[in-house]
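Protein sequences, first through last, are from chains A and B.
For the first sequence, this note's numbering begins at 1 and goes up steadily by one.
For the second sequence, this note's numbering begins at 1001 and goes up steadily by one.
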Amino acid sequence: MKIIRNTMIIVLALTLMFTGCTKSDDAKDSVNDIDGQTKEEDFNQEEASGEKVKLTFWHNYGADKETPFFQDTIIPMFNEKYPNIEIEVVAQGNDQYAEQIVISAGTNTTPDIARLDLTDVSGLAKMGALAPLDDMEGFDELKSNLFDGPMATNYYNGKYYGLPLDSSCKAAIFNMNKLKELGFDDVPKTMEEFIDASLEKGEYTMNVSSAGDWDFLPYFWSFGGVITNEDFTKATGYLDSEQSINAVNKLKGLHDKGMFTIKEIDGSTDAWDGIKSGEYAMFLEGPWFFAFTEDWEDSGLKPALIPTYDNQSSSIVGGESIGIFNSCEHKKEAFQFVQFLLSEEVQVLMGKEMGQMPVLKSAAKNEELTSDEVWSVYLEQLNNANTRIPSPEKATIEEHLKDAFDSILTEAVTTEEGLTNAAELIDGVLSNN
Amino acid sequence: MRTSKVRKKTHNESNKIYNKSWQAIIFILPGLILAVAFIFYPMLKNIQISFSDYDIISGKLTFTGLDNFKALFTESQQRFFTAYRNNILYAVVVTPITLFLGLIIAVAINSIKKFSTTFKVIYYLPVITSWIIAGLVFKYLFNPGIQGPINYLLVNVLHITSTPINWLKTEWGGNISIWILGIWKNIGYAMLLYLAAIQGINKSYYEVAAIEGATGFQKLKNVTIPLIKPTTFFLTIQLLIGSFNVFLQVLVLTGGDPRGKTSVLQYLLYTRTFKLYKFGEGAAIGLITAISILIVTLILNKKMKVDY
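Printed below as a string of structure tokens:
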């Protein structure tokens, strides 16, 4: 009896010890993988034996339309072309997706390939979760056909850790009924004429959800503001420059006059509701607005280029990238899957059927997309869409920018103080990159 | 001869104690293993991470002393101090109001003869409702525009204000919404425990009070409240500890906006860890929260003397 009891305790203790040991060994393996070379021998052995390679792909496509099309059309197309590679597609949903990737990286349970928000790539690269793709066969050819803006967001510390998969930018959406009230027969080409007409009428005509970068930066840039120098290494002298101060003051002036409202600060009607009801004449949004608003034509809504201010207008680049994780044992096959998704045929198909804006220059010129009323506007707007600072600390930078714009618009600080403080903080972050 | 008997007896007794200890260990072991794996080890690891720069992929920890704490205390918007203040305010506002309303409802339900079970169920329903669902309902109620039922009531029905209040995106509007949700969600729990405590009071106390000519209020003040003090103590500790663990209502209702003015420690921990990937700062917030709860519990244990 005593022997049985003691044996049980020893077995339990040993189980506990070995469970811990196994995990750390796995961790060691994945670290050794960073150069993308160590598993090459295993791959060659499997290739020689003709075994089917299995890869896991995580995505956050929408459940209604995007996921079924991806699963039922895109994946079978890939299987037909690459019968030796099996892709296990895991739909993770959009909620807490980025957090889930981080947790999986920390627990060595990452997928082989994943769709990632383009602003998350450098952060995951800094952590050591993603594999660099520069040395992959066919990388340079692929890169030359991709838009520069989305491509730049995948760059970290001298290497590309992802490739853009789909892109998005904001364009203007006008309510033509409201424009008529303001005296326009067609969409205004300049911000100056639109502002004059709106102020004359004394109404709320533009709205954003918050002073966060995705909402606020297109206006900030359009009115002449700049955040950093061209290579994203310095904010002082740019974010706190006279032209940036003037841009924010212009927006603050419009906000004070009630023409430009910010839902988070003013509690004003949501932009989507307001544009549909005719409360707002214009707001900036991505192409998905039209996918979710089937009756947009009947409601008098129209997509158009963002009106210019002082002969310039700017949009913002959004979208997703695709990355291969260091834990992937079959990086060559994983890259073949990436190449397949970035082929013109698939990019056009995903654009038409899944509402994913192509990232290939050749796909963007495809007549099937350029002849579409909505896509033609967004594809043209993409040419003057700016990218946000590609940094592993992007969330911290976003926080500093939002704090600055929020404080200025709520008059907690002056424009000069807010921008100077933010520039110094962002410099501190950029120096750690 | 006698000595050897005593020795044998002592030996047998120590053998028995040894056997009993082994038997106890066998029973304790499953729980102990779980506690070590899921409580003590993470606790120690958290302390270690809070003083280090943590590389999540390799698991490498580089000792950085108090750097994580310094970063929290010197952040430009003072988010840590605002979050700590909000936790204290939540405790100060939500705990007494929940206790008071819970007690009143318990006394009321205890005094009625019909439908008491129905009322118990109605008041307890919020407790078993998911925080996320309740949060979404409150988000709808506190919608910033005129579409929000609370704003509609204030502007169009009661005419208290002419413009709708931006409840969830202002510092005090957001905090008040979070407090109201906390109170609404916890009243049922306080009510149920108070009801059990009140029903456990010997009826003879009330009979004596009635003979002495005590009014209903006097009975409540001098009989009920003193005799349910252990329950009040337990609930106070529970609610105060709960105040340091406020998270979901902030996540759903305000997201800490504007500029972290409605944030709380657990929400700050979440954003520092999973949004900014600052694992050390997140662990430091966790450690400070644990120490705060420990101090609150020790003070309450000392100050609230309970005669059981």
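Every residue gets a Cβ at the ideal spot worked out from N, C-alpha and C, and that includes glycine.
When the Cα atoms are used, what is the spatial distance from Lys-442(A) to Lys-159(A)? In this structure chain A extends from 1 to 433, so residue 442(A) is not present and cannot be described.
What residues of chain B sit near Ile-265(A), judged by a beta carbon separation below 9 Å? Residues of chain B with a Cβ closer than 9 Å to the Cβ of Ile-265(A) are, in chain order, Asn-1166, Lys-1169, Thr-1170 and Pro-1258.
Going by other Cβ atoms of all chains shown within 10 Å of its Cβ, with 16 needed for buried, is Ser-1021(B) buried or exposed? Looking at its Cβ environment, which holds fewer than 16 other Cβ atoms inside 10 Å, Ser-1021(B) is exposed.
Using CA atoms only, rank isn't needed, just tell me which of Ile-1104(B), Asn-1019(B), Asn-1166(B) and Gln-1266(B) is closest to Asn-1086(B). The shortest C-alpha separation from Asn-1086(B) is found at Gln-1266(B).
Please classify Trp-288(A): is it buried, with 16 or more other beta-carbons within 10 angstroms of its beta-carbon, or exposed? Counting Cβ neighbours within 10 Å, Trp-288(A) comes out exposed, since fewer than 16 surround it.
Anything in the region 1055 to 1073 of chain B with a Cβ closer than 8 Å to a Cβ of chain A? List those residues in chain order, please. If the cut-off is 8 Å between Cβ atoms, the region 1055 to 1073 of chain B has Asp-1055, Ile-1056, Ile-1057, Ser-1058 and Gly-1059 near chain A.
Chain-ordered chain B contacts of Ala-445(A) [CB-CB under 7 Å]: Any question about residue 445(A) goes unanswered here, given that chain A covers just 1 to 433.
Per-residue DSSP class, three states only, for Phe-184(A): Coil at Phe-184(A), not helix or strand.
Along the chain, where does the beta strand (DSSP E) that runs through Glu-86(A) open and close? Segment 85 to 91, the beta strand (DSSP E) holding Glu-86(A).
Between the Cα of Trp-221(A) and the Cα atoms of Ala-129(A), Lys-234(A), Ala-247(A) and Leu-199(A), which residue gives the shortest distance? Closest by alpha carbon: Ala-247(A).
Residue span of the alpha helix (DSSP H) that contains Ala-423(A), given as start and end: 415 to 431 is the span of the alpha helix (DSSP H), which, as asked, contains Ala-423(A).
Within its chain, find whatever has a CB closer than 6 Å to the CB of Gly-418(A); leave out the 5 residues flanking it on each side and keep chain order. Counting only residues of its own chain and dropping the five nearest sequence neighbours on each side, Gly-418(A) has a CB closer than 6 Å to the CB of Ala-404, Ser-407 and Ile-408.
Answer yes or no: do Val-1127(B) and Ser-1243(B) have a C-beta to C-beta separation smaller than 8 Å? Not closer than 8 Å, so no.
Span separating the alpha-carbon of Phe-216(A) from that of Leu-1136(B): Computed Cα separation, rounded: 26 Å.
Any idea which residues DSSP pairs Trp-58(A) with across the strands? Beta-bridge pairing links Trp-58(A) to Val-90(A) and Ala-114(A).
Any Cβ of chain B within less than 8 Å of the Cβ of Gly-278(A)? False, the Cβ-Cβ gap to chain B never drops below 8 Å.
Find the residues of chain A that neighbour Leu-1276(B), judging by a C-beta separation of less than 8 Å, and give them in chain order. Result: Glu-393, Ala-395, Thr-396 and Glu-399.
Taking DSSP as the reference, what is the three-state secondary structure of Ser-315(A)? Strand, per DSSP.
Have a look at the DSSP bridge pairing and note the partners of Glu-320(A). Residue pairing by DSSP puts Glu-320(A) in a beta bridge opposite Asp-117(A) and Asp-166(A).
Does Gly-1280(B) have its Cβ less than 8 Å from a Cβ in chain A? Output row for Gly-1280(B): interface = no.
Could you name the residues of the same chain whose beta carbon sits closer than 8 Å to that of Gly-1286(B), not counting the 5 residues immediately before and after it, in chain order? Only Asn-1046, Ser-1050 and Leu-1269 meet the Cβ criterion.
For the alpha helix (DSSP H) that contains Asp-1053(B), what are its first and last residues? Not the alpha helix (DSSP H): Asp-1053(B) falls in the beta strand (DSSP E), residues 1052 to 1054.
Just verifying my parser: in three-state terms, what is the DSSP assignment at Phe-290(A)? Phe-290(A) falls in the helix class under three-state DSSP.
Check each residue of the region 1190 to 1211 of chain B: if its Cβ is closer than 8 Å to any Cβ of chain A, include it; give the result in chain order. Cβ proximity to chain A below 8 Å picks out nothing from the region 1190 to 1211 of chain B.
Applying a beta-carbon distance threshold of less than 8 Å, which residues of chain B neighbour Val-102(A)? The answer, in chain order, is Ile-1056, Phe-1274 and Tyr-1277.
In chain order, what residues of the same chain lie with their CB nearer than 6 Å to the CB of Asp-29(A), ignoring the 5 residues before and after it? Because Asp-29(A) carries a pLDDT of 41, less than 50, the predicted location of this residue cannot be relied on, and no value is offered for it.
From Ala-273(A) to Met-206(A), what does the alpha carbon distance come to, in whole angstroms? The question names Ala, but residue 273(A) is Asp in the sequence shown. One C-alpha to the other measures close to 12 Å.
Taking only beta-carbon positions, decide if Pro-1144(B) is within less than 8 Å of chain A. For Pro-1144(B), the answer is yes, since a Cβ of chain A falls inside 8 Å of its Cβ.
What's the gap between the Cα of Ile-262(A) and the Cα of Ser-268(A)? Distance between Ile-262(A) and Ser-268(A), taken at the CA atoms: about 7 Å.
What separation, rounded to the nearest whole angstrom, lies between the Cα atoms of Leu-434(A) and Val-338(A)? Given a span of 1 to 433 for chain A in the structure shown, any question on residue 434(A) remains unanswerable.
Beta-carbon proximity list for Ser-168(A), same chain, < 6 Å, skipping 5 on both sides: Cβ contact annotation for Ser-168(A) (same chain, cutoff 6 Å, sequence separation greater than five): Gly-286, Gly-318, Gly-319 and Met-357, in chain order.
Would you kindly work out how many angstroms separate the C-alpha atoms of Ile-1183(B) and Asp-185(A), rounded to a whole number? Distance between the alpha carbons of Ile-1183(B) and Asp-185(A): 54 Å.
Contact criterion: CB-CB distance below 8 Å. Does Ser-1076(B) meet it with respect to chain A? The beta carbon of Ser-1076(B) sits closer than 8 Å to some beta carbon of chain A.
Gly-1143(B) (DSSP reduced to helix, strand or coil): For the record, residue 1143(B) in the displayed sequence is Asn; it is not Gly. Here Asn-1143(B) sits in coil by DSSP.
Starting from Val-346(A), trace the alpha helix (DSSP H) in both directions and tell me its first and last residue. From DSSP, the alpha helix (DSSP H) with Val-346(A) extends over 344 to 354.
Taking the alpha carbon of Gly-434(A) as the point to measure from, which residue in Asn-94(A), Ser-104(A), Asp-140(A) and Glu-345(A) has its own alpha carbon closest? Since the first and last residues shown for chain A are 1 and 433, residue 434(A) lies out of range.
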